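*Asks:* Protein chains in written order, with my numbering: chain H, 1 to 339; chain E, 1 to 530.
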């Protein structure tokens, strides 16, 4: 099957998935025994029947559930994700506002995690059962099991407040003005505007949170890389390569690693999705105005349009991430053909 | 004259030095004073007609002005702001305000009565979060350029206190209209000015909203044409730091000048740090005992003499020692309200009198009773700690208290249904007006539903006094009535208020002028740097 057909098929499959997510999100959000009125109107306004009625009518909460859902779906098919009850802004605008911060952090974190994790994995596989291996495995275990928010707090109070080695909370220094909005990624926007000091400050502020999130990612990647590489290194073609007299480093990196990375790549899609969708606590501690906090606030205030919007976004991110991962296989492992 | 080389070098050197000094001086005079405030942002809007939360209260306090306001630190009086004076009609329904004549909006237009009418009508008709505040308004009228008449649907003595809320900020009608605003009856559907007013302010306050990046930061700049006293800082940056722990780090590291959301234990831990200043002042919660007047529920606690004995038995000084900065309230009327009895008028411990009252009630040998309370720490005060102290205080007059802490929601259920004979609770005023106290007198909800203390249990004269307190609008008359009611409550009440714990805030040591206010929290225009 030609590649473009494969892509079209994947996209078509994604549509029912995302729509299914809207049904599930809608049902779960409505199953919570709480009234959005309580979450969105002040106590004194709740006694005012006229105001409560106006609120219900405005947000369509006076309609039966299936009507509410079908109305939402109808609007969605016309490309309208609705207006957030809480912010009173189009959900799409809200997502545009908060997603870039999270994308920026998740991307640097996954890069840091990949770099550290693969390096740790190689070291630990090559020097298997040596003290280095044990050390790396312990570090990896800590990375995976140590609560990320605690690591974040310790990082801030020691590395920033006491030692001054890293930047403080936030995406930029509190006194630094924001670069003109193009992509919402401060690093890219600063680069486009040629604001070098702002670019440096944005990168500087990415260091600590990326290290903290990267630690977690690297722990997982290191373990997978190690076991996968060990398996590959004991296979026949590695023995053949060595028998040909190739240098050990070349054997490990060219023949070993490129094959051992397949499970790592599989994992990357899931890990990147996790970083985008699940960094609520880290975002809170680093005062990082991202989509995780937005999703959290949407769910606590029963903001249905926002909850649905974020759910679809996250589903979409997982679909795209896995799509990219499948594509990467294609390049890493020539045996894989799409059918 | 020809200078020798050495001399010319010196001259050039002096010239340079002079230039540097001049530049430095010029630099200091032009240096922008900026304050950075770490704050857990919870607002979704800054448009005064849509915003109703501590964040928007703090920002709109300095971006806008209201007709009337409170003193800097409490709600002990109603003070003029945009209105120089006001009169209340004899039927208590119409309030007529005279506006200042020297006030301009940020675009230079003068403040007119029309702007007030537009702002309040818009608040009412957008039917947003704070709109309930404008609901008692029946009609608004601009009489000439500088007089506004507001007619209410019913007598409402708390109206002036409610007008001090930043929801009643006066916006420039023309600017708001030009940006999609309307005060028409269908404003809930047709007004689109929120997006504009979330990014800039159209007010008369000491600062102008310059930008807002939600969940990130809010920037305000000084209003150069402000009609009142110019504030110290040129620029205010409020950064969103949701976690208290991060706020503490940012404060200690000097990234922020002031942190608004530290927990009391964090503030205590900062004591002794020379770089950090701490503010302590009475908070908005009154802690009190409830003694149910229904003998079926309250048992001996239902006896007014026992209730009086309890008020004499509590060791008020002990609670002040327990919680730094706390004060003893004179009644269930929150200490910061107009006419409220403060610590100087509060009850004092008198064990002899308390024991005599117990004997008079027929309980010379005491009795056993269960005390309900919620097992929680509220605004830094552990209810369990206070409960143990109450237990030992009352043991002195023969009342053996069994403590029954409960999960908050469970304990609240019993409190709201009036099934607790003896309960320990706390209360913050719903509106910053003396009428809030009526909750704790017969006829009030708290009194009737939770303590079963109802109007037929008190004498005719007191009933009449309570009725008058609910409708009297003359300020002096009100103070007299509420003083009498507080006197009464010290003699006969189903409640025993004993503590108003402090609020605590930490800031960099060079920041001066911090005051906490129950309405807007922090007034940034009062702050300065040493």
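All C-beta atoms in this analysis are idealised placements derived from N, C-alpha and C, irrespective of residue type, glycine included. What you are looking at is a predicted structure, and each value in this text was computed from that prediction instead of being measured.
Whose C-beta lies closer than 6 Å to the C-beta of residue 482 (chain E) among residues of the same chain, with five residues either side of it excluded?
*Replies:* Closer than 6 Å at Cβ, skipping near neighbours: 339, 434.
*Asks:* Is it the case that the region 36-44 of chain E contacts the region 246-261 of chain E, given that we only count it when at least three CB pairs across the two stretches are under 8 Å?
*Replies:* Judged by Cβ distances under 8 Å, the region 246-261 of chain E makes contact with the region 36-44 of chain E, as three or more pairs qualify.
*Asks:* To be precise: take each residue of the region 77-90 of chain H, compare its Cβ to all Cβ atoms of chain E, and keep it if any distance is under 7 Å. Which residues remain?
*Replies:* Residues 86, 87, 88.
*Asks:* Tell me, please, which residues DSSP counts as bridged to residue 204 (chain H).
*Replies:* Answer is none; residue 204 (chain H) lacks a bridge partner.
*Asks:* Going by DSSP in three states, residue 471 (chain E) sits in which element: helix, strand or coil?
*Replies:* DSSP places residue 471 (chain E) in coil when its eight states are reduced to three.
*Asks:* In angstroms with no decimal places, state the Cα-to-Cα distance between residue 212 (chain E) and residue 300 (chain E).
*Replies:* Distance between the alpha carbons of residue 212 (chain E) and residue 300 (chain E) is about 58 Å.
*Asks:* Taking only the alpha-carbon atoms, compute the straight-line gap between residue 23 (chain E) and residue 193 (chain H) and give it to the nearest angstrom.
*Replies:* In this prediction, residue 23 (chain E) has a pLDDT of 48, which is less than 50 and means its spatial position is unreliable; what the coordinates show is noted afterwards. Whole-angstrom Cα-Cα distance: 30 Å.
*Asks:* Going by beta carbon distance, what residues of the same chain come within less than 6 Å of residue 226 (chain E), once the five residues before and after it are set aside?
*Replies:* If we look at residue 226 (chain E) and ignore the five residues flanking it on each side, its Cβ neighbours are 206.
*Asks:* Kindly indicate the opening and closing residues of the beta strand (DSSP E) around residue 210 (chain E).
*Replies:* Per DSSP, residue 210 (chain E) belongs to the beta strand (DSSP E) from 207-213.
*Asks:* Quick check: the Cα distance between residue 50 (chain E) and residue 95 (chain E), rounded to an integer number of angstroms?
*Replies:* Roughly 24 Å between the two C-alpha positions.
*Asks:* Please compile the residues from chain H whose C-beta is within a distance smaller than 9 Å of the C-beta of residue 50 (chain E).
*Replies:* By Cβ distance, chain H contributes 88.
*Asks:* Taking the straight line between their C-alpha atoms, what separation do you get for residue 526 (chain E) and residue 493 (chain E)?
*Replies:* Rounded to whole angstroms, residue 526 (chain E) to residue 493 (chain E) spans 40 Å at the Cα level.
*Asks:* Look at the Cβ atom of residue 390 (chain E), then the Cβ atom of residue 290 (chain E), and state whether they are nearer than 8 Å.
*Replies:* No, Cβ-Cβ distance for residue 390 (chain E) and residue 290 (chain E) is not below 8 Å.
*Asks:* Using the beta-carbon of each residue, which ones in chain E are nearer than 8 Å to residue 32 (chain H)?
*Replies:* Neighbours of residue 32 (chain H) on chain E: none; closest Cβ ~16 Å, over 8 Å.
*Asks:* Give a yes or no on whether the minimum CB-CB distance between residue 205 (chain H) and chain E is below 8 Å.
*Replies:* Residue 205 (chain H) does not count as touching chain E.
*Asks:* Cβ of residue 524 (chain E) less than 8 Å from any chain H Cβ?
*Replies:* Taking Cβ atoms only, chain H never reaches closer than 8 Å to residue 524 (chain E), which makes this a no.
*Asks:* Tell me whether residue 87 (chain H) is buried or exposed, calling it buried when 16 or more other Cβ atoms sit within 10 Å of its Cβ.
*Replies:* The residue is buried, with at least 16 neighbouring Cβ atoms inside 10 Å.
*Asks:* In chain H, which residues lie with their C-beta within 7 Å of the C-beta of residue 216 (chain E)?
*Replies:* The answer, in chain order, is 289.
*Asks:* Below 7 Å between beta carbons is the criterion; list the residues of the region 54-69 of chain H that meet it against any residue of chain E, in chain order.
*Replies:* Result list: 54, 58.
*Asks:* Our contact map puts residue 46 (chain E) next to residue 56 (chain E) with C-beta atoms below 8 Å; I'd like the distance itself, whole angstroms only.
*Replies:* About 6 Å separates the two Cβ atoms, so the contact holds.
*Asks:* Are the CB atoms of residue 239 (chain E) and residue 174 (chain H) nearer to each other than 8 Å?
*Replies:* Against a cut-off of 8 Å, the Cβ pair of residue 174 (chain H) and residue 239 (chain E) comes out as a contact.
*Asks:* Please report how far the alpha carbon of residue 341 (chain E) lies from the alpha carbon of residue 303 (chain E), in whole angstroms.
*Replies:* For residue 341 (chain E) and residue 303 (chain E), the distance between alpha carbons rounds to 25 Å.
*Asks:* Can you tell me the Cα-Cα spacing of residue 48 (chain H) and residue 44 (chain E), whole angstroms?
*Replies:* Their backbone Cα atoms lie some 22 Å apart in a straight line.
*Asks:* Tell me the start and end of each unbroken beta strand (DSSP E) in the region 283-336 of chain E that is at least 3 residues and wholly inside, in chain order.
*Replies:* DSSP runs (the beta strand (DSSP E)) wholly in the region 283-336 of chain E: 286-291.
*Asks:* Compare the beta carbon distance of residue 90 (chain E) and residue 172 (chain E) with 8 Å and say whether it is the shorter of the two.
*Replies:* Contact flag unset, no.
*Asks:* Under 6 Å Cβ to Cβ from residue 180 (chain E), same chain only, skipping five residues before and after it: list those, please.
*Replies:* If we look at residue 180 (chain E) and ignore the five residues flanking it on each side, its Cβ neighbours are 192, 193.
*Asks:* Taking Cβ to Cβ, would you say residue 98 (chain E) is nearer than 8 Å to residue 81 (chain E)?
*Replies:* No, the Cβ-Cβ distance between residue 98 (chain E) and residue 81 (chain E) is not below 8 Å.
*Asks:* Please confirm if residue 127 (chain E) has its CB atom under 8 Å from at least one CB of chain H.
*Replies:* Output row for residue 127 (chain E): interface = yes.
*Asks:* Starting from the Cα of residue 388 (chain E), find the closest Cα among E:351, E:401, E:223, E:378 and give me that residue.
*Replies:* For residue 388 (chain E), the nearest C-alpha among the options comes from E:401.
*Asks:* Evaluate contact between the region 132-145 of chain H and the region 216-236 of chain E, counting only Cβ atoms and requiring at least three cross-stretch pairs below 8 Å.
*Replies:* Segments in contact, no.
*Asks:* Does any CB atom of chain H fall closer than 8 Å to the CB of residue 34 (chain E)?
*Replies:* Chain H, which has a Cβ nearer than 8 Å to the Cβ of residue 34 (chain E), makes this yes.
*Asks:* Looking only at its chain, what residues have a beta carbon closer than 6 Å to the beta carbon of residue 296 (chain H), apart from the 5 residues adjacent to it on each side?
*Replies:* Result list for residue 296 (chain H): 280, in chain order.
*Asks:* If you reduce the DSSP assignment to three classes, tell me which class residue 75 (chain E) lands in.
*Replies:* It is a strand residue.
*Asks:* Using 10 angstroms around the beta-carbon of residue 27 (chain E), count the other beta-carbons present and answer buried if the total reaches 16, otherwise exposed.
*Replies:* Annotation note: pLDDT 45 at residue 27 (chain E) (below 50); position unreliable, coordinate value reported separately. Exposed, by the Cβ-count rule.
*Asks:* Report the three-state DSSP secondary structure of residue 504 (chain E) (helix, strand or coil).
*Replies:* Of the three classes helix, strand and coil, the one that applies to residue 504 (chain E) here is strand, per DSSP.
*Asks:* Going straight from the alpha carbon of residue 378 (chain E) to that of residue 424 (chain E), what length do you get?
*Replies:* The straight-line gap from Cα to Cα measures roughly 13 Å.
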